[in-house]
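Comments concern the structure below.
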Amino acid sequence: MTAGMDEITQLALTLPVDQRAQVAKALLASLDDPADSAEVHEAWTAEIKSRVDDITSGRVQTIPHDEVKARLAADRAARQQR
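All residue numbers for the sequence shown refer to this note's numbering, where the first residue is 369 and numbers rise by one.
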């Protein structure tokens, strides 16, 4: 870390928690590439549409949440007995 970066870091660490969170959020947001963000959004939109189409067409069947939880609990219990 350069001296300037170290100085900024030390200064930021003196801020209250909520202000440090705002600074961290701003710094992380500055790393996002807008082109990547648009591509990711477009890809997720296509994926969601595909999954909805699969469900509405009957190509796939959903599993009720309670059933999924029960299966996971049974799998976990079986692994713990090994």
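C-beta atoms are modelled at their ideal positions from N, C-alpha and C, and glycine is treated no differently. From a predicted model like this one, the values you see are computed outputs, not experimental measurements.
DSSP, reduced to helix, strand and coil, places residue 402 within a helical segment of the structure shown. In this chain, residue 426 is not harboured by any alpha helix (DSSP H), its DSSP state being neither H nor E. Counting along the chain, the unbroken alpha helix (DSSP H) around residue 373 starts and ends at 371 to 381.
In this structure, the CA atom of residue 445 is about 32 Å from the CA atom of residue 426.
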